[in-house]
Amino acid sequence: MKPIFKIKRFNELSLSELYESLQLRSEVFVVEQNCVYQDVDGKDTKAIHVLGMFDNTVVAYARLFEPGDYFQNASIGRVVISEKYRDRKWGHDLIKESLQAIKTHYNAKEVTISAQLYLKKFYESHGFIQQGEGYLEDGIPHIEMNLSFV
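Sequential numbering of the sequence shown, starting at 639, is according to our numbering.
Structure follows, in structure tokens:
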């Protein structure tokens, strides 16, 4: 079985969907990766949220931005899968759903991401190409990657 994906704007999220999304992000990005940073950064209200639901729980999540809101191009961020389900390769489904949502909602031609370096091959498998040198973001090595739909 795979998760059921929901695509929602901030004001469409239920309280439990919002809470579970923030809980998952904190569980992975703050606790698991031991990274102290401001996850609730004021940008969620602008984003489209991709929720992967399994057993009525948010187990996969990403947020999407239209061109100019985060990068010059449309973007995907806060990509996360619950540790319990990573062996199921649902990250690939999450990226596919996110890219389709960007096409549908933003009619964008390009996507830019700030990817954790260790996920470079994962994103390359979806057509992303590294741009420039790596950098530290919140103490974790990252690279900028772009994907063109053209």
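All C-beta atoms in this analysis are idealised placements derived from N, C-alpha and C, irrespective of residue type, glycine included.
Nearest to residue i by CA position, among the options, is which residue?
i	options	result
Asp674	Glu665, Asn711, Lys741	A small correction: the amino acid at residue 674 is Val; Asp does not occupy that position in the sequence shown. Per the Cα distances, Glu665.
His687	Ser720, Ser736, Val678	Ser736
Ile767	Leu774, Ala753, Pro779, Asp776	Ala753
Glu775	Phe760, Glu762, Ile751	Ile751
Gly777	Asp731, Lys747, Phe667	Phe667
Ala685	Ile733, Lys747, His743	His743
Ile733	Leu653, Phe760, Asn649	Phe760
Lys727	Ser763, Phe648, Asn672	Ser763
Just list the residues that DSSP pairs residue i with in beta bridges.
i	result
Asn784	Thr750, Ile767
Leu774	Pro779
Ile714	Leu702
Gly680	Beta-bridge pairing links Gly680 to no other residue.
Ile719	Ala698
Which residue marks the beginning of the beta strand (DSSP E) containing residue i, and which one marks its end?
i	result
Lys646	642-647
Arg701	695-703
Arg663	Where Arg663 is concerned, there is no enclosing beta strand (DSSP E), although the alpha helix (DSSP H) it sits in stretches over 653-663.
Leu757	Careful: Leu757 lies outside any beta strand (DSSP E) and carries neither H nor E.
Phe692	686-692
If residue i sits next to residue j, beta carbons under 8 Å apart, how far is it from one beta carbon to the other, in whole angstroms?
i	j	result
Val749	Ser720	About 24 Å separates the two Cβ atoms, so there is no contact after all.
Pro722	Leu689	Contrary to the premise, residue 722 reads as Lys rather than Pro in this sequence. Not quite, the Cβ-Cβ distance comes to about 16 Å (not below 8 Å), so this is no contact.
Gly772	Leu755	6 Å
Tyr708	Arg663	The Cβ separation is near 16 Å, so there is no contact.
Met691	Lys644	6 Å
Which residues bound the alpha helix (DSSP H) around residue i?
i	result
Gln738	728-744
For the ligand HEM, is there any heavy atom lying closer than 7 Å to the beta carbon of residue i?
i	result
Val788	In terms of ligand content, the structure shown is empty, and the ligand HEM therefore cannot be addressed.
**Prompt:** Within the chosen definition, does the region 653-666 reach the region 697-717 through at least 3 CB pairs nearer than 8 Å?
**Reply:** Contact between the region 653-666 and the region 697-717 is present, because at least three Cβ pairs lie under 8 Å.
**Request:** Taking 8 Å as the threshold, find out whether the region 778-788 comes into contact with the region 677-687 through three or more Cβ pairs.
**Result:** Contact between the region 778-788 and the region 677-687 is absent, because fewer than three Cβ pairs lie under 8 Å.
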